[in-house]
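What follows is a single structure, written as structure tokens, with notes after it.
In the working numbering, the protein residues as written are 47 to 363.
What follows is the structure, encoded as structure tokens:
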């Protein structure tokens with residue numbers, strides 16, 4: 047056989063281990079500096095986000111980029127020195143702060159206008175989420191992930207066997223850890239925040255990944271029925287080779303529109319699409335290189351079943 051997924055299984059496991067450990071280190075650093083493993087967005091922690099952009103087409107205020115120190119100075123004067131700031135495309139600014147009422151938002155915007163210049167009202171975005179609602183969204187999202195894991199484990203146990211379900215679950219946890227790890231790194235180096243769409247992305251990734259795993263496991267079961275004398279490693283290798291083209295084609299055709307959304311979808315959908323791109327790619331990888339090789343490794347360690355004697359001896363009279 048030209049391709050054997052089990053021959054280099056230590057390599058596949060090593061690559062996954064390095065990526066997951068890198069993400070875990072980033073989560074620990076994020077926990078130490080931000081108070082949470084990921085940089086949580088407004089949906090989870092509550093507060094007010096103002097996104098303002100200079101009115102470049104109507105005024106001459108875009109001769110130079112926004113000075114983040116000037117914005118910070120205004121926030122300090124307003125008693126909002128602990129706010130989070132991010133410059134967007136040089137002429138826009140995103141401010142995340144404590145919940146503000148209408149009067150407080152108006153005073154802040156007027157002070158920024160006097161210091162920096164006029165802002166485009168059509169491109170102004172203001173969001174306010176209470177801390178209680180943010181905690182409820184986070185709790186509901188984590189509960190949804192837990193329920194999905196339990197449901198998938200029960201389904202795969204009934205459809206296959208319990209060890210199949212266990213290794214499929216390991217692959218799903220692998221996909222979630224890789225995706226969250228990458229976003230933990232992005233949160234530290236690029237200030238990327240996660241919102242409620244990130245939970246939606248994780249649930250979608252789980253469904254996509256388990257579908258690929260089920261296809262491979264189905265082929266493993268069929269091959270074992272037709273060729274019960276074959277070794278489990280050879281059976282898994284055959285199953286992977288037979289489904290490899292389908293997995294690659296499905297993943298590529300799914301990634302193409304996601305890449306378009308990531309490039310042209312705007313700030314709201316950009317990181318949602320990025321999470322799906324990372325998760326779908328990781329899901330295809332884990333189905334082929336993690337779930338299948340773990341199943342072969344486990345079954346290969348089990349003692350062989352005793353052969354069934356089909357000849358019955360007739361006792362002597």
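Where is the CB? At the ideal position from N, CA and C, for every residue including glycine.
None of these values were measured; they are calculated from a predicted model.
Hey, is residue 243 close to the ligand GTP, as in C-beta under 6 Å from one of its heavy atoms?
This structure simply doesn't include the ligand GTP, nor any ligand for that matter.
What are the uninterrupted segments assigned as alpha helix (DSSP H) that are 4 or more residues long and contained completely in the region 147-216, given in chain order?
Listed in chain order, the complete alpha helix (DSSP H) runs (minimum 4 residues) inside the region 147-216 are 148-162, 177-205.
Between residue 7 and residue 156, what straight-line distance do the alpha-carbon atoms span, to the nearest angstrom?
In the structure as shown, the chain begins at 47 and stops at 363. Residue 7 is therefore absent and cannot be evaluated.
Helix, strand or coil: which one does DSSP assign to residue 96?
What you label residue 96 is simply residue 50 of the chain shown in a count that begins at 1. Residue 96: strand per DSSP, three-state reduction.
Hey, how far is the Cα of residue 281 from the Cα of residue 175?
Residue numbering aside, residue 281 sits at position 235 when the chain shown is read from its first letter. Residue numbering aside, residue 175 sits at position 129 when the chain shown is read from its first letter. Each residue's alpha carbon lies about 53 Å from the other.
Of all the options 331, 238, 310, 321, which has the alpha carbon lying nearest to the alpha carbon of residue 291?
Here residue 291 refers to the residue found at position 245 of the chain shown. Of the listed residues, the one whose Cα sits closest to residue 291 is 331.
Quick check on this structure: which residue in 145, 221, 342 has the alpha carbon closest to the alpha carbon of residue 92?
To locate residue 92, count along the chain shown from 1; it is residue 46. Residue 92 has its Cα closest to that of 145, out of 145, 221, 342.
Answer yes if the region 210-224 comes into contact with the region 313-330, meaning at least three C-beta pairs across the two stretches below 8 Å, and no otherwise.
Taking 8 Å as the limit for Cβ pairs, the verdict is that the region 210-224 does touch the region 313-330.
Would you tell me roughly how many angstroms separate the C-alpha atoms of residue 304 and residue 56, rounded to the nearest one?
Indexing the chain shown from 1 puts residue 304 at position 258. Indexing the chain shown from 1 puts residue 56 at position 10. Near 31 Å, if we compare the C-alpha coordinates of residue 56 and residue 304.
If you follow the alpha helix (DSSP H) that residue 133 is part of, which residue opens it and which one closes it?
On the chain shown, residue 133 is found 87 positions in, with the first residue counted as 1. Counting along the chain, residue 133 falls outside any alpha helix (DSSP H), though it belongs to the beta strand (DSSP E) covering 130-134.
Kindly confirm or deny that the region 122-138 and the region 201-214 touch, where touching means at least three C-beta pairs closer than 8 Å.
In short, these stretches do not touch, since the Cβ pair count stays below three.
I'd like to know whether the C-beta atoms of residue 99 and residue 138 end up nearer to each other than 7 Å.
As a working note, residue 99 is residue 53 in the chain shown. As a working note, residue 138 is residue 92 in the chain shown. Result yes, Cβ atoms of residue 99 and residue 138 sit closer than 7 Å.
Straight-line CA distance for residue 324 to residue 160?
Within the chain shown, numbered from 1, the residue matching residue 324 stands at position 278. Within the chain shown, numbered from 1, the residue matching residue 160 stands at position 114. Roughly 42 Å between the two C-alpha positions.
Under the three-state reduction of DSSP, which class applies to residue 112: helix, strand or coil?
Counting from 1 along the chain shown, the entry for residue 112 is found at position 66. Residue 112 falls in the coil class under three-state DSSP.
Thinking just about the alpha-carbon of each residue, which of 341, 80, 64, 246 is nearest to the one in residue 214?
If you number the chain shown from 1, residue 214 lands on position 168. The shortest Cα separation from residue 214 among 341, 80, 64, 246 belongs to 341.
Residue 202 and residue 252: beta carbons closer than 7 Å?
Against the chain shown, residue 202 aligns to sequence position 156. Against the chain shown, residue 252 aligns to sequence position 206. Contact flag unset, no.
Going straight from the alpha carbon of residue 357 to that of residue 266, what length do you get?
Start at 1 with the first residue of the chain shown, and residue 357 comes out as number 311. Start at 1 with the first residue of the chain shown, and residue 266 comes out as number 220. For residue 357, the predicted structure reports a pLDDT of 38, less than 50, and the residue's modelled location is therefore unreliable. A value from the coordinates is still provided. Cα to Cα, residue 357 sits roughly 30 Å from residue 266.
From the DSSP output, which residues share a beta bridge with residue 15?
Examination of residue 15 is not possible in this model, given that the chain is present from 47 through 363 alone.
Which stretch, first to last residue, makes up the alpha helix (DSSP H) that contains residue 263?
Here residue 263 corresponds to residue number 217 of the chain shown, with the count starting at 1. Here the alpha helix (DSSP H) through residue 263 covers 242-272.
Quick check on residue 347: buried or exposed, where buried means 16 or more other Cβ atoms within 10 Å of its Cβ?
Along the chain shown, read from residue 1 onward, the residue named residue 347 stands at position 301. Label assigned to residue 347: exposed.
Can you tell me the Cβ-Cβ gap for residue 228 and residue 69, rounded? I've got them flagged as a contact below 8 Å.
As a first step, residue 228 is located in the chain shown; it is residue number 182 there, counting from the start. As a first step, residue 69 is located in the chain shown; it is residue number 23 there, counting from the start. Right, the Cβ-Cβ distance comes to about 6 Å (below 8 Å), so this counts as a contact.
Report yes if the CB atom of residue 124 is closer than 7 Å to the CB atom of residue 154, and no otherwise.
Translated into the one-based positions of the chain shown, residue 124 becomes position 78. Translated into the one-based positions of the chain shown, residue 154 becomes position 108. Their beta carbons are under 7 Å apart, which means residue 124 touches residue 154 by this criterion.
Thinking just about the alpha-carbon of each residue, which of 244, 151, 199, 171 is nearest to the one in residue 315?
Here residue 315 refers to the residue found at position 269 when the chain shown is read from its first residue. Ranking the options by Cα distance to residue 315, first place goes to 244.
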